[in-house]
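A.B. asks:
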Amino acid sequence: MSLDVRTVTASETADWMRAVGTGFFEAGTPSEELVADRFADADLSRVQGAFEAGRCVATFRSFAQELTVVGGATVRADAISGVTVTATHRRRGLLSRMMATDLAAAKERGEPVASLIAAEYPIYGRYGFGPAAWNAEWEVSVHRAGLDPRRSGQPAGGGRVEMVDGADVRKIGPEVHGALAARQPGVVNRGERWWRQRTGAAPRPDHEKWTEPFYVVHRAADGKVDGLMVYGADGKWGDGGQPLNTASVRDMIALNPAAERALWHYVCSIDWITTVRSGNRAPDDLLPLLLPDPRAARPVTNMDWLWLRMLDVPRALEARSYGTEASLVLDVRDEACLAGGRFLLDASPSGARCTPTTRSADLTLGVAELSTLYLGDESVRRLVDLGRAEESQAGAATTADAVFRTGRRPWCPDVF
């Protein structure tokens, strides 16, 4: 039978969601309420499916996203999600067809980059994506952390930790997250639906049992909220009646080190909690060093997370700031012919200008490698040593590292 690869109609959204569930091992037919909520504000022109005999066998969607880059500016991103191919229809080029359609449309719309969270590492490099921000997680042994068990649960210095509820978070959270997005490269915007989902106010699939978490905020001495933590806890006890409970952090935003310290010390000092899982954090997160004994925080995850694909090199590079003033000629190779070319980057801490040029290249690299460098996390020297970039002029890698690298690593707190 022939395969029909096209955009999805409103009457096909439930079947599309069923196919997504199949791809992620979540069997069952979604409820009408869940489908209606999922597509309430979706642009169906950006939702694709492959159909055979009226059944959806592959899925792909994109949506508008705002990505914070180095320096605090945001760029529009073509955020890709819901990518699946049913096991019965693999190796037929379905993903390649849908990806090509989506990226061409994104470039036509003028979006400088595309973004995604990769379920598997080997898939997306061939489409020009590169890992631009990594994710880490720690497991803290509370008894080894060295915190004073007699502490009150409140921080020193005039701040205060307070319990709130989900309704409060839906009011407070967007402003706190917005302040984080104004400074942290790699952060993506969160819409109203995101906050409703994470506070139990949005419909969920039947197989996902909602468990209400605990919500706490940190208020500075002036009363302003500058930190938010969401966590859950299990109820495990040892044979001798000793608590063995784990607190798992679902979300944590801190706008300054004082709020960050206060929230981590709070969750690590709750009675009966013996282990804390940090959830998704930046690889250079302060958590271990905020504990008297940093070895109490054992790293359990260090993996690629946010992948980017440049679609407009000049606009993307001009959007961010740089570590020093320098000029570089970048010869960018792109097999899909979406963003390749030779470009002169005149970079500075206050901004940049990037224009096409015929000058000899300083660095030659693929669009995936340039995308990996974009948020400042990767080293040009490492890419050269790996054979993934070519230093056409002596010293160009050292100059490029001084230009692109950042003092703190980029971080994307969310999955999408």
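Residue numbers (our numbering): 45 to 460. Positions of the beta carbon are idealized from the N, C-alpha and C atoms, including for glycine.
Apart from the five residues just before and just after GLY210, which ones in its own chain have a Cβ nearer than 8 Å to its Cβ?
C.D. replies: Around GLY210: THR243, GLY244, ALA245, GLU256 and TYR259.
A.B. asks: What span of residues does the alpha helix (DSSP H) with ARG50 cover, start to end?
C.D. replies: Note, ARG50: premise wrong, no alpha helix (DSSP H); beta strand (DSSP E) at 48 to 51.
A.B. asks: Assign ASP81 to one of three DSSP states: helix, strand, or coil.
C.D. replies: Helix at ASP81.
A.B. asks: Cutting at 7 Å between CB atoms, please list the residues of its own chain near PRO343, excluding the five before and the five after it.
C.D. replies: Cβ neighbours of PRO343 beyond the five flanking positions: ALA180 and TRP182.
A.B. asks: Helix, strand or coil for LEU407 per DSSP?
C.D. replies: In this structure, LEU407 counts as strand in the three-state DSSP scheme.
A.B. asks: Is the beta carbon of GLY244 within less than 7 Å of some heavy atom of the ligand NAP?
C.D. replies: Here there are no bound small molecules, and the ligand NAP is not part of this structure.
A.B. asks: Using a Cβ distance threshold of 8 Å, determine whether the segment 435 to 450 contacts the segment 365 to 376, with at least three qualifying pairs required.
C.D. replies: Verdict: yes, contact present.
A.B. asks: Which first and last residues belong to the beta strand (DSSP E) in which ARG377 is found?
C.D. replies: Per DSSP, ARG377 belongs to the beta strand (DSSP E) from 370 to 377.
A.B. asks: Can you tell me the Cβ-Cβ gap for GLY67 and THR128, rounded? I've got them flagged as a contact below 8 Å.
C.D. replies: At roughly 3 Å, the Cβ-Cβ gap stays under 8 Å, so GLY67 and THR128 are in contact.
A.B. asks: Determine contact between the segment 317 to 328 and the segment 284 to 295, defined as no fewer than three beta-carbon pairs at a distance below 8 Å.
C.D. replies: Cβ pair count under 8 Å is three or more, so yes.
A.B. asks: Spatial neighbours of ASP390 within its chain, please: C-beta separation below 7 Å, excluding the five flanking residues on both sides.
C.D. replies: Here the set comprises SER371, ALA396 and ARG397.
A.B. asks: What residue does the beta strand (DSSP E) around ILE124 start on, and which one ends it?
C.D. replies: ILE124 -> beta strand (DSSP E) spans 118 to 129.
A.B. asks: Okay, do the segment 280 to 288 and the segment 191 to 207 touch, 3+ Cβ pairs below 8 Å being the bar?
C.D. replies: The segment 280 to 288 is not in contact with the segment 191 to 207.
A.B. asks: In terms of residue numbering, what span does the alpha helix (DSSP H) encompassing ASP59 cover?
C.D. replies: ASP59 -> alpha helix (DSSP H) spans 57 to 67.
A.B. asks: Buried or exposed: GLY439, going by 16 or more other Cβ atoms within 10 Å of its Cβ?
C.D. replies: Per the 10 Å Cβ criterion, exposed.
A.B. asks: Since TYR275 sits in a beta bridge, which residues does DSSP pair it with?
C.D. replies: Partner(s): PHE258 and VAL293.
A.B. asks: Is the CB-CB distance between GLN109 and ALA86 below 8 Å?
C.D. replies: For GLN109 and ALA86, no; Cβs fall outside 8 Å.
A.B. asks: Helix, strand or coil for ALA150? Go by DSSP, reduced to three states.
C.D. replies: Three-state DSSP puts ALA150 in a helix.
A.B. asks: What first and last residue would you give for the alpha helix (DSSP H) that runs through ASP445?
C.D. replies: Per DSSP, ASP445 belongs to the alpha helix (DSSP H) from 440 to 448.
A.B. asks: Hey, would you say TRP349 sits closer than 8 Å to ILE161, going by beta carbons?
C.D. replies: Their beta carbons are under 8 Å apart, which means TRP349 touches ILE161 by this criterion.
A.B. asks: Check GLY169 in the structure and name its three-state DSSP category.
C.D. replies: GLY169: helix per DSSP, three-state reduction.
A.B. asks: Using a Cβ-Cβ cutoff of less than 6 Å, which residues in the same chain neighbour LEU430 once the five nearest sequence positions on both sides are dropped?
C.D. replies: Once the five neighbours on either side are set aside, LEU430 has no close Cβ partner at all.
A.B. asks: Could you tell me the alpha carbon to alpha carbon distance between THR450 and ALA150, rounded to whole angstroms?
C.D. replies: The alpha-carbon atoms of THR450 and ALA150 are separated by roughly 28 Å.
A.B. asks: Can you tell me whether MET61 is buried or exposed, with buried defined as 16 or more other CB within 10 angstroms of its CB?
C.D. replies: So MET61 counts as buried.
A.B. asks: Out of GLY190, PRO249, ASP278 and ARG170, which one is the CA nearest neighbour of SER415?
C.D. replies: Among GLY190, PRO249, ASP278 and ARG170, the Cα nearest to that of SER415 belongs to ARG170.
A.B. asks: Mapping DSSP to helix, strand and coil, what is ASP212?
C.D. replies: Helix.
A.B. asks: For the pair the segment 261 to 273 and the segment 139 to 155, tell me if three or more CB-CB distances fall below 8 Å.
C.D. replies: The segment 261 to 273 vs the segment 139 to 155: no contact.
A.B. asks: Residue range of the beta strand (DSSP E) that LEU350 falls in?
C.D. replies: LEU350 -> beta strand (DSSP E) spans 341 to 354.
A.B. asks: Please check the pair ALA117 and ASP421, which I expect to be a contact at CB under 8 Å, by giving their CB distance rounded to whole angstroms.
C.D. replies: With 8 Å as the limit, ALA117 and ASP421 do not qualify as a contact, their Cβ atoms being about 17 Å apart.
A.B. asks: Can you check which of these residues, THR399, GLU379, VAL376 and ARG364, is closest to SER392 by C-alpha distance?
C.D. replies: SER392 has its Cα closest to that of ARG364, out of THR399, GLU379, VAL376 and ARG364.
A.B. asks: In the DSSP assignment, what are the bridge partners of TRP31?
C.D. replies: This structure gives no information on residue 31, because the portion of the chain shown stretches from 45 to 460.
A.B. asks: Can you tell me which residues form a DSSP beta bridge with CYS398?
C.D. replies: Its beta-bridge partners are LEU389.
A.B. asks: Who are the near neighbours of ALA441 in its chain, counting only those whose CB is closer than 6 Å to its CB and skipping five residues on each side?
C.D. replies: Excluding residues within five positions, the ones whose Cβ falls inside 6 Å are VAL424, ARG425, VAL428 and GLU435.
A.B. asks: Does ARG204 come out as helix, strand or coil in the three-state DSSP assignment?
C.D. replies: Correct three-state label for ARG204: strand.
A.B. asks: From LEU335, TYR418 and ARG90, pick the residue whose C-alpha is nearest to that of THR53; which is it?
C.D. replies: Comparing Cα-Cα distances from THR53 to each of LEU335, TYR418 and ARG90, the minimum goes to ARG90.
A.B. asks: Tell me whether CYS100 is buried or exposed, calling it buried when 16 or more other Cβ atoms sit within 10 Å of its Cβ.
C.D. replies: So CYS100 ends up on the buried side.
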